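Visitor:
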Amino acid sequence: MNNRKLTWRHLKALHQLYISRRTEAKITDNAYIKNVLMGQKKLIKYKSGNVKILEANTGFAVFYKQYFEADYLRYETFLQEQNLESDARRRYTEDDIQTLMFIVEQKKELVQSLSTLRTFSSELFKGQGSKYLENKPGLKDAVCKILGIVDFPEKEPKNLQWRFVVDCPSPKVVVLCENIAHLKNPWKAREHNIELWYVGGNNIGIIDYISPEKLSKPLYYSCDWDYHGLAIYSRIKEKLRLKSFDIELLLPDTHEATLPVNSPHHKSEWDFNKELSGLNREHFSDEALQLINQLIKENKWIEEESLDLIRMLG
DNA sequence: ACCCGTCCGATGCCTGCCTT
DNA sequence: AAGGCAGGCATCGGACGGGT
């Protein structure tokens, strides 16, 4: 369900279909709705003789309750609580909303060292590039409103080192993450007693802030499976070794989600001239080495965001 | 001269609301 | 149910301007 690529108006329309079994919203532009919900599963259909109106078939309600209702209600409650417009004319994507939720959770840290709009955009709206917010005035307004600012500063703060943590009362394990993707679903981690630390942007210095007590719990590293991500893992493993701690790399739960190395906004490339792209063989398990070699051979990478944290730990 | 990125207005899609 | 209007917003395309 990660790839349904729904926007807020789609989610609202599906909710309306659930509540009143019909909608006039134009949602067949979404491939998931058109091909899966209407085409394959036949849970939604056009009203007979009227292509402007969609109706829910039997089975839609059950399906909706299982896969959409909880998410929709969380988003709606969130928007209302933050006094953000929940009008379907706002073109938030589902990921935009999740990112806004993350911004609320980490507001204190973000405001404390507020970056430029470009940096903020590329750090928080991962995979969308640095100009994403610039080109989305509506979304930018929402971000400013949450942060309580009129605009972003022109200049970068001196020491930009955000410390994002999803803490839970009694963590069983600690996972260091290269990207904030997993931190955008904090309840999921807390449910499983997992504490998350963001060490992205090459800020492995953040490790010095983690108490020895936490470091002695089982430590895992979650990252993009590309040269850059794995190289940072190597550096962290070495750094922790010097402190007499150890960390394990989380292996992808699925190999299906491999992407070509030259996909948009992806910058890390394999070095074909070096053995294992120049990575230190000793830091990786046999299984990891096998996957890395395969990725290098096919010139692919795996995005952290597409991996399931709980399954990887399981 | 050519290739870009950027700026900006025009255009059009969609929702929400009001009227018929 | 259908039509009209306005608001929010993305997208397109032409003008502009800097770099090579």
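The opening residue of the first sequence carries number 256 in the working numbering; numbering runs sequentially from there.
Glycine included, every Cβ here is placed at the ideal spot set by N, Cα and C.
Since this is a predicted model, take the numbers as computed values, not measurements.
Taking Cβ positions, are Lys302 and Glu310 nearer each other than 8 Å?
Guide: yes
Visitor: Considering only the beta carbon of each residue, do Leu266 and Glu349 sit closer than 8 Å?
Guide: Yes, the pair counts as a contact, with Cβ atoms nearer than the cut-off.
Visitor: On the DSSP letters alone, give me the boundaries of the beta strand (DSSP E) that Thr374 sits inside.
Guide: Note, Thr374: premise wrong, no beta strand (DSSP E); alpha helix (DSSP H) at Leu372 to Leu379.
Visitor: Within a Cβ cutoff of 6 Å, which residues of the same chain sit near Gly481, ignoring the five residues on either side of it in sequence?
Guide: Residue identity differs from the one stated: residue 481 is Asp in this sequence, not Gly. The residues are Ser523 and Trp556.
Visitor: Jot down the residue ranges of each uninterrupted beta strand (DSSP E) in the stretch 443–473, minimum 3 residues, whole runs only, in chain order.
Guide: 449–453
Visitor: What's the call for Glu553, buried or exposed, on a 16-neighbour Cβ count within 10 Å?
Guide: Note on Glu553: under 16 other CB atoms within 10 angstroms of its CB, so exposed under the neighbour-count rule.
Visitor: First and last residue of the beta strand (DSSP E) that includes Thr513?
Guide: Thr513 to Pro515
Visitor: Return the bridge partner residues of Arg277 from the DSSP annotation.
Guide: For Arg277, which the question treats as bridged, DSSP gives the partners Glu310.
Visitor: Work out the CA separation of Ile551 and Ala543 for me, nearest whole Å.
Guide: Approximately 12 Å, taken between the alpha carbons.
Visitor: Please state the DSSP three-state secondary structure of Tyr327.
Guide: helix
Visitor: Among the residues of its own chain, which have a CB less than 6 Å from the CB of Thr283, if the five just before and after it don't count?
Guide: In its chain, beyond the 5 residues on either side, Lys289 have a beta carbon closer than 6 Å to the beta carbon of Thr283.
Visitor: Report, in whole angstroms, the separation of the C-beta atoms of Val454 and Ile502, which I expect to be a contact under 8 Å.
Guide: With a Cβ gap of about 11 Å, Val454 and Ile502 do not count as contacting.
Visitor: Could you tell me whether the Cβ atoms of Pro412 and Ser370 are closer together than 8 Å?
Guide: yes
Visitor: Is the beta carbon of Gly314 less than 8 Å from the beta carbon of Leu334?
Guide: no
Visitor: Residues in its own chain within less than 7 Å of Ala436 by CB, not counting five upstream and five downstream?
Guide: Lys381, Glu559 and Glu560
Visitor: Could you have a look at Asn290 and say whether DSSP puts it in helix, strand or coil?
Guide: helix
Visitor: For the stretch 345–414, which segments carrying the alpha helix (DSSP H) assignment without a break, of at least 4 residues, lie completely within its bounds, in sequence order?
Guide: Those alpha helix (DSSP H) runs which fall completely within the stretch 345–414 and span 4+ residues are 349–360, 362–367, 372–379 and 392–402.
Visitor: Start and end of the alpha helix (DSSP H) containing Leu544?
Guide: Note, Leu544: alpha helix (DSSP H), Asp541 to Glu553.
Visitor: Taking the alpha carbon of Leu505 as the reference point, which residue from Phe539, Lys529, Glu360 and Thr513 has its own alpha carbon closest?
Guide: Phe539
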